[in-house]
Structures are given as structure tokens and as C-alpha cells.
Amino acid sequence: MQSKPFVVALEEHYLDADLATAFLGRQPDRQSEIEKRLLDVGALRLREMDEAGIDLQVLSHGAPAAQGLAPETAVRLARQTNDRLHAIVQANPQRFAAFAILPTPDPQAAADELDYAVSTLGFKGAMIHGLTHGVFIDDRRFWPIFERAEALDVPLYMHPSFPNPVVIDAYYKDYADQYPELIGPALGFTVETATQGVRLVLSGVFQKYPGLRIVMGHLGEGIPFLLWRINESLSRPGNAASLSFRDVFRKHFYLTTSGNFSDTALACAIAEMGADRILFSVDWPYIGNGLGTKWLSNAALTETDRAAIFGGNAKTLLKL
Ligand code: GRE
Ligand code: ZN
């Protein structure tokens, strides 16, 4: 018998009631099974971690956090929210660590908030939730955030959020009544976040900040499966890229298993990235902890790779 590996999960969401009220325009709903869990940072969360064998959650706020707010509001609420998250971690430091939320509507303040969260609060990095007022994060305006992440030697987690409203209208709206998840985890989130990943590589941000490391969930939002085709087509004549898309992606990206407990997707991700770039995560409470730990415990892996994916790689990346 192998001893149970140390299990870290790093796309595990919670809701700050004040911040959520600001972006939802209503109080969170404690009757909803999802929002009840998002609001819980104590007994219910810990019980569901224990039942599934999860030792440590790296907590992150739910999308879109502060990214849709006016700049001054975002700056103020991001600081308050990160301070409250710090108190949550301090209450259970053996079980919780944290990714910061950033007030991306004010990029310079977002870089400073990242610095505060890492240097003063001991956070492990930050999570970016999709667009900021319709703009992707690879826009030059946001590069102070990447500069600071490199300087602090912490990763940035590229998390999905809702697609641009014009995309929802053109691509999803006519099926959304029957299939509301189409806009989200079924496809809309994936397309949005894969697009963000590709754009980051094309932006040249990794040439400017060669120590920058990006985490993406859901086993890479489809990119590992598409890597050969993206790489080949971007190197055809007429494309500016002097870089190999595949080389840059493999050098700078880490992928988590959040919400995608698929043996075939895992095999593809490991084949393209190497097992040292894959990190276990759940995406709780949108999906159950036990579904994730049971799946990875039974996946066709060497025990060395299984332990690395369950927690060893996270220990290294996040300096736990
Ligand atoms: C997720 O993180 O997977 C998620 C959200 C918001 C709605 C649905 C969902 O952040 O799956
Ligand atoms: Zn998530």
C-alpha cells in the first residue's frame, strides 16, 4: 500500500459577501446549494475536504471578483476582500492558502495589490477572471501586473469568466434558455479562456518577462489537444510569430485538473506538458471534491506522478 499523498487543490472558490453583493447587485443566496458552499469557509467546507482527502485548498474568489467594477471601487473592495481572505487563512493555516483578487480596472493598483497580497499577506499568487470591461489581460495596459508577478516569483491563474456580451449574443444566446451552462463551463468559459491563453503567448509578454508563469484550469481549456495545430498554423508564411507557440506554452504554463476529470484529457495534457506541469484541482463547489480525488486516485499513473500531481507540483510552484 502506498501512503496517501499530500493533496492540494488550487481552483477552490469562495464568495466574500461584500464583494459579491457589489458585482451581483444582490446579497448572496444562502438557500442555494452552490452559494451556501461558496460562503462557507469553515465547517461545511472542511468536512467536504476531509471526506475527499483534500489536505489544503488554495482559496480563490468566484468570478468575476473585482474585475467588472469601477476602478476606485475595485481598488477599495479588492484590498478589503484580500484582508478578509487573509483572516480566513489565518483561522486555518494548515488547511487554507490563498490567491489574491486584483483590481484590474486600475492596472497599476492591481500590480501594487499583488505585491501587498504576496509580500504582506503571504498569498501564493493571484487569480485573473476573464475580461476587464471587455479587454483581455494581455493588453499592454495590464503588463505592470505581469512585471510584478515575475518580480515576486508567483504564478497568475487564468480563470474563466463570462464571455463578452456580443459573443454571448452571437454564439450562445439562442440555446441558453434550454442549456444555460452553454455560456459557462460547457463551452463559453472554455472558448474565452483558451483565447486568453493563446493571446498571452502572441502578446510577447513571455519574452518581456521570461520568469512569468501562468496557471490554467480544466486541463488547459482544450489547448493541449490543439497544440500541434495551433503551433503549425501560426508558423505558416505570413504570420509574424518568430516564436514556437508550443515551446512558449510548454515553458510558461501549468495546468490544473479542475472540473475536467477525464482520463483522455489527462493523458493528452501529460503527453504535451509533462507530468510535472499538471496540478490536481477540483473547482469546488461547482463540482464535488470526491469525484476529483477518486478519479485521480484510480488514473493510470505511476505512484510518483500521482503524488506529484496530487500535491508535489503545487508545493514546488507555490512554495508551500
Ligand atoms: C467555475 O469556476 O467553474 C464557475 C464559475 C461560475 C459559474 C459556474 C462555474 O466561476 O462553473
Ligand atoms: Zn473555477
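Each residue of the sequence shown is one higher than the last, beginning at 966 in our numbering.
We put the CB at the ideal spot given by N, CA and C, even for glycine.
Quickly, what does DSSP pair residue i with across the bridge? List them, please.
| i | result |
| --- | --- |
| M1014 | Answer is none; M1014 lacks a bridge partner. |
| I1179 | L1121, F1218 |
| A1063 | L1024 |
| H978 | S1025 |
| V973 | L1021 |
| V1163 | V1163 is not bridged to any residue. |
| V1100 | T1097 |
Need the endpoints of the alpha helix (DSSP H) that residue i sits in, please.
| i | result |
| --- | --- |
| A1091 | Segment 1091–1094 is the beta strand (DSSP E) holding A1091; no alpha helix (DSSP H) there. |
| D1080 | 1072–1084 |
| T1046 | 1036–1056 |
| A1265 | Counting along the chain, A1265 falls outside any alpha helix (DSSP H), and DSSP gives it neither H nor E. |
| Q996 | Element bounds for Q996: n/a, residue is neither H nor E. |
| A1279 | 1278–1283 |
| V1170 | 1170–1173 |
| L1152 | No alpha helix (DSSP H) holds L1152; DSSP gives it neither H nor E. |
| F1190 | 1188–1199 |
| Y1144 | Neither: Y1144 is in no alpha helix (DSSP H) and is coded neither H nor E. |
For residue i, which residues in the same chain have their Cβ closer than 8 angstroms to its Cβ, ignoring the five residues on either side in sequence?
| i | result |
| --- | --- |
| L1117 | L1079, D1080, V1083, S1084 |
| K1121 | Position check: residue 1121 holds Leu in this sequence, whereas Lys was assumed. So the list reads G1090, A1091, M1092, I1093, I1110, F1111, A1114, L1177, R1178, I1179, V1180, once near-sequence residues are dropped. |
| Q1073 | P1109 |
| L1244 | V973, L975, V1180, Y1219, L1220, T1221, T1222, I1274, N1278, A1279, L1282 |
| G1187 | T1155, A1159 |
| G1162 | M1123, I1179, M1181, G1185, E1186, I1188, F1214, F1218 |
| Q1172 | L1208 |
Taking 7 angstroms as the limit between beta carbons, can you name the residues of its chain near residue i, skipping five residues before and five after?
| i | result |
| --- | --- |
| V1166 | F1210, V1213, F1214 |
| L1256 | F1226 |
| N1129 | L1096, G1099 |
| A1028 | H1094, G1095, H1124, P1125, S1126 |
| M1238 | P1189, R1215, L1220 |
| V1170 | D1103, W1108, F1111, L1177 |
| R1044 | E1078 |
| R1049 | D981 |
Taking residue i as part of the beta strand (DSSP E), name the residues at either end of that continuous run.
| i | result |
| --- | --- |
| L1220 | 1218–1221 |
Give every residue of the same chain whose Cβ lies closer than 6 angstroms to the Cβ of residue i, excluding the five residues on either side of it in the sequence, and list them in chain order.
| i | result |
| --- | --- |
| I999 | P1250 |
| I1195 | F1210 |
| W1260 | F1226 |
| A1030 | I1066, H1094 |
| I1019 | V972, A974, N1254 |
| Y979 | L1003, V1006, L1024 |
| V1040 | P1068, D1071, A1074 |
* To do: For the ligand ZN, list every residue whose C-beta falls under 5 angstroms from any of its heavy atoms, going in chain order.
  => E976, D1248
* Asked: Which runs of the alpha helix (DSSP H) fall wholly inside the region 1215–1259 and span at least 4 residues, in chain order?
  -> 1228–1238
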